[in-house]
Structure formats: C-alpha cells, structure tokens
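Novice:
In this note's numbering, the protein residues as written are -17 to 193.
#1: Please determine, among 122, 137, 96, 80, the residue with the shortest C-alpha to C-alpha distance to residue 131.
#2: For residue 143, which residues in the same chain have their Cβ closer than 7 Å to its Cβ, ignoring the five residues on either side in sequence?
#3: Is the Cβ of residue 127 closer than 8 Å to any Cβ of chain C?
#4: What residue from 56, 103, 171, 180 has the CA that sits closest to residue 150's CA?
#5: Might you give, ordered along the chain, the residues of its own chain that have their beta carbon closer than 6 Å to the beta carbon of residue 160, omitting 5 neighbours on each side?
#6: Buried or exposed: where does residue 178 fall if 16 or more other Cβ atoms within 10 Å of its Cβ makes it buried?
#7: Quick check on DSSP: helix, strand or coil for residue 191?
#8: If residue 55 sits next to residue 99, beta carbons under 8 Å apart, how far is it from one beta carbon to the other, in whole angstroms?
#9: Considering only residues of the same chain and omitting the five flanking positions on each side of residue 51, which have a CB-CB separation below 7 Å?
#10: For residue 71, does the three-state DSSP call read helix, strand or coil?
#11: Residue 156: which of 106, 80, 93 sits nearest, CA to CA?
#12: Helix, strand or coil for residue 111? Go by DSSP, reduced to three states.
#13: Over the uninterrupted beta strand (DSSP E) stretch that includes residue 139, give me the two end residues.
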C-alpha cells in the first residue's frame, strides 16, 4: 500500500519536472535565436545609393526617397561653393564667380574632375527645359514636384529631352565646360525649393519633406 502511494505521488512530480525542463529548453533556444538574429542585423551592410558596374548604374532601394548627389563618381570635388548670405566672409569669398570683371554670388555648387563624369537626376521628375548657351553651356532643368526644381549647367552632353520623365539616379548627361564656371570638366548644380535657391550640399540624403 505504501509503495502504491509513493508511485502516485511520484507521477505528478515527474510531470512537473518534465514541464520545467521543457520550459527551460524553450527559453534557451529563444535566447540563442534572438542573439544570432540581432548579431546578423548588426553585421548587415546597408546600401542607399546606386551601384556602378561597367559605367552602368543599378538603382538600389533606399529606406527613404532621399535626394542624391547629381553625380556617380565619388572623386568629384567642389570648385565653387554655394553663396550663403549669412555665412562667414572667408566662405563667401570662395563662392564668388568672376566673369569679365563682374563679380557674382554663386547660386549653386560647382563640381569638377580632371575627366568627364556622368550626371544623374537627384530624384524622380519631369524635364522642363533643355537648352544650350555659349556662356552657361548645355542646361537641363527637372521639376520634381511643385516645390522642388533642380538645374544642371555646364554640361558637355545631354541624353534627355524636354517633357521626358526621369528616375532617381538616372544618367541625364555628362559634365562639360563653359565660359562662366570653369575650364575643367565641370557641373554647375542648382536646387530651388519653393522658388528660392538653397544650398545643395545641405540637401543631400534628405527627403523632400525635410527641406
């Protein structure tokens, strides 16, 4: 009789022990899974700009539809900065354009390289102007929405036409030379928001809503 009671008492204990072992195992498995998952996420490398292979661009989906720089080549440098009316005098001096003894405040940014480079659209948009001027060189204007317009001047080649629809990162032309900006391979880039020129260098990687 005593042995039978002991067996009856032992059965619930075994169930409790089994449940404890199962619960502990599940907890350890979950911890291990979460640690590996977050470690994998931390080691991921995110890409938010175009990948260039053999002079072709491959659009990459970015977390946000951010404003791109108007070129693909990362070795392009700035030759003239945007003129900031509230900036330091020393910075303003670097933003003055001199043409035939006339001094003008730079309304955009001038990018240069010792060789011709591809020029791209900073966002999706519609071509509203394609022109060619002896002083400014070839020019492209793109309307991205009612508030935002980008202008590309001093181009050597143009690969779009007026009223064309272009995509963010699409090649629209190549850098060139003109009388006003530079004798090197150059891109003069302007960005207008709500009819006012803004500094392009302060706009990259921002969404239109963040301007």
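By construction, the Cβ of each residue, glycine as well, lies at the ideal position given by its N, Cα and C atoms.
Remember, it's a predicted structure, so these values are computed and weren't measured experimentally.
Specialist: In short:
#1: 122
#2: 109, 112
#3: The structure shown contains no chain C; it holds only a single protein chain.
#4: 103
#5: 118, 119, 136
#6: exposed
#7: helix
#8: 4 Å
#9: 186
#10: helix
#11: 93
#12: strand
#13: 130 to 140
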